[in-house]
Every structure is written in C-alpha cells, then in structure tokens.
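**Student:**
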Amino acid sequence: MRERNRAGLLRAATALALATAQPLSTRAARWTGRGRTEVEQATATEGPVTPAGWAFVIWAPLFAGSLAYAATDLRRERAGEETSGAAGWWANAALAGNVAWSLNAQFRRLDEVSVALILGSASAATTSVALAERDPRAGAGRATARYIGPLAGWLCVAAFANIETTRNLRRGRPEDRQATRSAVALVAAAATVGGAAAAVVRGHRGFALAACWGLTGIAVKALRHGQAPVATAAGVGGVALATSSAVARSVAARR
C-alpha cells in the first residue's frame, strides 16, 4: 500500500509540474531569444486547415483545466481518496507530449517530429478519457475526464492542421486548387478520427465541444476566404462528430 501511495504521489506531482510547464513552454523562444514561436511559424505557412485566430483562445481554458486536474488529483492523493490511477498516467503522457511539441516546434521548427508528438499527445489524452469514463470509481474518473476531455478533442483536430503546416514548410505552399483538395481531405480525416474517438470516450461532451470548436474555426476561416469546399467539409464533419458523440453517450447511458 505504501508503494502504491508513493507511485500515486509521484504521478500527481508530475502532473502538476507538467500542467504548470504547458503554458510556460510556449514562451521559451521569447525568453531565450532563440528559435521561433510556433505561432510565428504557423502564420507564415498556414493553410485552410488552420482554424481562425480567435479559435486559439481555447488554450486558456485548456491550460486552466490541466492545472485544475493536476491540483485535484494531488489533493485526492494526499487525502487518501480515490484518484485517477491508470488514466492519470496517460494524462501525464499527454501533458508531456504537449510540452515536448511546443519546445520542438520552437527550437527545431514544425516538422515530422512535431506531427508525431501532437498525434501521440492526442492519443494519450483520448486514452486517458476513455479509461476515466470506464473507471468504476466515479469521482476520480469524472474529474479526470472533465479536465482532460477538452484537451483530447482539441488535439484531435489540431494534429491535422499541424500535418498541413509541416507539409507547407517542407514543400512550400501548394497552388490554391491543390491546397483546397488537400484541406478537404485533411478536414474529413480530422472529423472521421474525431468521430471515432468520440465513440471511444463514450460521447464525452468536453471532447466533442472542443473538437467541434476547432472544426468551426476552420469553417469560419474558409468562408471568409471563399473556400466553400473546405467550409462544407468542416461543417459536415462537425455535425457528424457531434452526432457520433450523442449516439455514443446514449448507448453508454443504457448500459
């Protein structure tokens, strides 16, 4: 029991450190005077899959949610209450991947490593929520899913924007028609993966809302730039993802 408590405290303390490092890591390039921020890089090479600028305000509640999750888990652990358990380790992996993505993007640039890191972080966050939703210890599971769910949903969409930006950095911006066709394919893939993940996490509302927020940001930007096919793909994808989430939530409620 003592070893389990030590492992739990280590997990919870690590979560708090990583949650604190998340927003701080985004400032590393400015503080050190080296590299370029991911925003500067993305702005120079972004394509239709990158959401409108206002959509990125979601990072404020995502960072706050990560800190709330870590603080709650540490409090539960110190009080001897049920905690996140295995879901917490996956949450830590997601937070670590997010920090690593930010640092890699700033000091190396947005590249294939960045794509691997954000895909890994999205997968780990989704796994954490899926485990938390199935955790018989309702209190601990709900707390983990509540705070990590939105991060998982946002990253599922952001990963595909990262793929587009990385490709543009490597190969240069494609012609408009090619960029539109590629964007439609990437948005459709993001919605498909998001819809499947929404089913895996039993239709978790925070996951679906964050993912749909990202797709909405893509649709609004596409409409602003006259890219109707991309806007249509994002709109239809958002509806499909929301439907998948609602169905999954209904099925889970009957069990």
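Under the working numbering, the sequence shown has 983 at position 84, and the numbering climbs by one with no breaks.
Glycine included, each C-beta is placed from N, C-alpha and C at the ideal position.
1) Since residue 1117 is in the alpha helix (DSSP H), which residue starts that stretch and which ends it?
2) Pick from 945, 931, 1093 and 1101: whose alpha carbon is nearest that of residue 1018?
3) So residue 1135 is in the alpha helix (DSSP H); what residue range does that whole segment cover?
4) In this structure, does DSSP put residue 935 in helix, strand or coil?
5) Distance check for residue 1029 and residue 1050, CA to CA, integer angstroms please.
6) Shortest alpha-carbon distance to residue 1121 belongs to which of 1144, 1083 and 1142?
7) I need the straight-line Cα distance from residue 953 to residue 1117, nearest angstrom please.
8) Alpha carbon to alpha carbon, what distance is there between residue 980 and residue 1055?
9) Are residue 965 and residue 918 close, meaning C-beta to C-beta below 8 Å?
10) What separation, rounded to the nearest whole angstrom, lies between the Cα atoms of residue 908 and residue 984?
11) Quick one: what does DSSP say residue 1012 is sitting in, helix, strand or coil?
12) Going by alpha carbons, who is nearest to residue 1105 out of 938, 910 and 961?
13) In this structure, how does DSSP classify residue 1095 when only helix, strand and coil are distinguished?
14) Since residue 935 and residue 1005 should fall inside the 8 Å C-beta cutoff, what is the C-beta to C-beta distance between them, to a whole number of angstroms?
15) Using alpha carbons as the reference points, say which of 1011, 970 and 1003 lies closest to residue 991.
16) So within the stretch 909-996, which uninterrupted alpha helix (DSSP H) runs reach at least 4 residues, ignoring any that extend past its ends?
17) Cα separation between residue 993 and residue 1133?
**Tutor:** Let me spell this out:
1) 1104-1123
2) 1093
3) 1127-1153
4) coil
5) 13 Å
6) 1083
7) 11 Å
8) 31 Å
9) yes
10) 11 Å
11) helix
12) 961
13) helix
14) 6 Å
15) 970
16) 927-931, 937-944 and 958-977
17) 25 Å
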